[in-house]
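To convert, take the position in the sequence shown, counting from 1, and add 94; that gives the working numbering.
Heads up, the beta-carbon is just placed ideally off N, CA and C, and yes, glycines get one too.
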Amino acid sequence: MFKRFFLSGFDDATYFERQKIGYLFYIILSALSFVIFIFFGQLYFVDGLIYLLADSLAISGMLASLVFFKLKKIEISGHVMVCSILAMILLEGVVRDFYFTDPAIRYRLYITMVSCLGAYFLVVSFFREKKFLYYYGAAFEVMLFIHALIIAHQLKGVDGMALMVWQHFVTVSAGMMIIAAITTWLLSYMEALFQQNQEYAARFRLQNEELEKMVQQRTHALRTSNQHLSEFAYIVSHDLKEPLRTISGFVTLINREMDNNDVDAEALEEYITYVKKGTRQMEHLINDILAYSKLNVIEQKLEEVDMHVVITEVKSTLAKAIYESDAQVYTSGSMGVVGEKQLLVQLFQNLVSNAIKYRHHGRMPQITIGCAHQDGMVRYFVKDNGIGIPDKHFDTVFKAFKRLHSKINYDGTGVGLAICKKIVDIHGGEIWVESEEGEGSIFWFTLPVAQQELPAMEPVVHAA
Ligand code: ADP
95 MFKRFFLSGF DDATYFERQK IGYLFYIILS ALSFVIFIFF GQLYFVDGLI
145 YLLADSLAIS GMLASLVFFK LKKIEISGHV MVCSILAMIL LEGVVRDFYF
195 TDPAIRYRLY ITMVSCLGAY FLVVSFFREK KFLYYYGAAF EVMLFIHALI
245 IAHQLKGVDG MALMVWQHFV TVSAGMMIIA AITTWLLSYM EALFQQNQEY
295 AARFRLQNEE LEKMVQQRTH ALRTSNQHLS EFAYIVSHDL KEPLRTISGF
345 VTLINREMDN NDVDAEALEE YITYVKKGTR QMEHLINDIL AYSKLNVIEQ
395 KLEEVDMHVV ITEVKSTLAK AIYESDAQVY TSGSMGVVGE KQLLVQLFQN
445 LVSNAIKYRH HGRMPQITIG CAHQDGMVRY FVKDNGIGIP DKHFDTVFKA
495 FKRLHSKINY DGTGVGLAIC KKIVDIHGGE IWVESEEGEG SIFWFTLPVA
545 QQELPAMEPV VHAA
């Protein structure tokens, strides 16, 4: 109950603070019992009024200090406590002895000295700021000195007493300073030790948290990669089965035809064409799967890449397709990026070849490559005036083996855009598509910008 009342709200108190709290309560309790003892004793004296005033001041000071302490205003609590003790000593010791003289006066200085010492301990324990230590220390010393002065004056007649008062004053003052110096040093040493410990603990905690986060991230990445792998294996087997079925079906037909006495050479040739087509399809698929999986294992070395070179290389590789489709390829500018050159060539090549492949047969294909700055990245685009993509497929087209058109109309494996996405991911960018069915599409992607200003490419048109 006692513990709950006094220590509630300090659950988060540090080790050092908790020590301080214990120290403080010890002082409060001893000071209170001391004050109460004097309070009842005083009523018998003529000068009891001053005692009464002094003790009431001290008690209310203690209570106010306790309230501030509970409010966690430790420094204010300290000021209130020390000032109320100062006021009590001033009234009880100095003022009272100035007006009243009685035989017990020779013991007064001892009480003042003890109070000053106790209060000084309080100062030392309360304030981290050294300036309060000096201010209050000086206040206690001055008070002690004035009191000694008064008592020495009053005991002038009594032989040897005045000298004794001064001897006591010097001893207590010096003792107070030595104690204060030692305690201050001890406290700051303890605090430094404690702070160091706390720093170590905080660093250790941080490291632990980082490690834990890393482990969680890795586990998550592993889990996702496992899931992708099983999905990938399922789709690969499914897509490979299709050309295999075609091949085995036509091989059976060829066999049957060969068993006939009357071999139909034309039919045989047609079957063989289908078998060839099936094997070509399998070859494409295997090549694409290999290209896609390679992106997972090869460690990429990212460096500054001149995109002018990349785009020129893509255009020359696709020159035949551009020529045959009568396409016009515009480049409205280029900006250097940080990346892996060969991967960037592959990225642009897939997008431009798609723009040619999915062209609108009613108009001349026009393809534009361009770029602009976007939040510290470069945003490139490849725009075409082809058949377009319905909005519901804007996301699915980037998934491996997802195709919107049948193989009869458009040859392909459905891996091209998945490769593009993986390449952009490796570069820490994003890729997305905007399109209108029948009007054309625009593929956007961001790449990290090169620090060094690489030569910008002049707008050029690469026409058939
Ligand atoms: P592939 O071309 O081998 O089928 P991709 O991954 O390159 O595979 O493309 C996935 C699908 O997205 C394609 O099947 C096609 O339907 C659609 N697509 C890709 N690029 C374009 C484009 N420029 N215009 C219209 N549709 C496109």
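(Q) Less than 6 Å separating the Cβ of Asn448 from some heavy atom of the ligand ADP? (A) yes
Q.
Can you give me the C-alpha to C-alpha distance between Tyr474 and Gly506, rounded to a whole angstrom?
A. 24 Å
Q. Cα separation between Ile483 and Gly523?
A. 22 Å
Q) Per DSSP, Phe466 is paired with what? A) One detail in the question is off: residue 466 reads as Ala in this sequence, not Phe. In the DSSP output, where bridge partners are listed per residue, Ala466 has Arg473.
Q) Does the distance from the CB of Met445 to the CB of Phe298 come in under 7 Å? A) Per the sequence presented here, residue 445 reads as Leu, with Met not at that position. Against a cut-off of 7 Å, the Cβ pair of Phe298 and Leu445 comes out as no contact.
Q) If you compare alpha carbons, which of Thr490, Gln460 and His467 is closest to Gly480? A) Gln460
Q: Quick one: grab the DSSP three-state call for Arg98.
A: The predicted position of Arg98 is uncertain, since its pLDDT is 47 and thus under 50; a value taken from the coordinates is nonetheless stated next. Three-state DSSP puts Arg98 in a helix.
Q. Can you tell me whether DSSP reads Phe539 as helix, strand or coil?
A. strand
Q: Over the uninterrupted alpha helix (DSSP H) stretch that includes Ser410, give me the two end residues.
A: Met401 to Thr411
Q.
Within 8 Å, do at least three Cβ pairs link the segment 409 to 420 to the segment 382 to 391?
A. no
Q. Glu398 bridges to which residues according to DSSP?
A. Val432
Q.
Suppose the cutoff is 6 Å on Cβ atoms and the five residues either side in sequence are ignored; what does the same chain contact list for Glu528 look like?
A. Ile536
Q | Sub-7 Å separation of Leu587 and Val432 beta-carbons | A | This structure cannot settle anything about residue 587, because the visible part of the chain is limited to 95 through 558.
Q: In the DSSP assignment, find the unbroken alpha helix (DSSP H) run with Gln248 in it and report its ends.
A: Lys224 to Gln248
Q: Please report the Cβ distance between Val439 and Val408, rounded to the nearest whole angstrom; I am assuming they are in contact, meaning their Cβ atoms lie under 8 Å.
A: 6 Å
Q) Cα-Cα, which of Gly470, Ile450 and Phe488 is closest to Leu541? A) Gly470
Q: Output the boundary residues of the alpha helix (DSSP H) element that contains Tyr424.
A: Element bounds for Tyr424: not the alpha helix (DSSP H) but the beta strand (DSSP E), Gln422 to Thr425.
Q. CA-CA distance, Gln427 and Thr340?
A. It is Gly, not Gln, that sits at residue 427 in the sequence shown. The straight-line gap from Cα to Cα measures roughly 46 Å.
Q. What are the start and end residues of the beta strand (DSSP E) that includes Glu530?
A. Ile525 to Glu530
Q. The ligand ADP heavy atoms versus the CB of Ser535: any closer than 6 Å?
A. yes
**Q.** Selected residue, minimal CA-CA separation from Ala232, among Ile245, Tyr214, Leu243 and Ala246
**A.** Tyr214
**Q.** Beta-ladder partner(s) of Gln301, from DSSP
**A.** In the DSSP output, where bridge partners are listed per residue, Gln301 has none listed.
(Q) Tell me which residues share the same chain as Ala158 and place their Cβ nearer than 7 Å to its Cβ, disregarding the 5 neighbours each side in the sequence. (A) Val174
Q | Asn448 classed as buried or exposed, judged by whether at least 16 other C-beta atoms fall within 10 angstroms | A | buried
Q.
Just to confirm the assignment, what range does the alpha helix (DSSP H) spanning Arg453 have?
A. Counting along the chain, Arg453 falls outside any alpha helix (DSSP H), and DSSP gives it neither H nor E.
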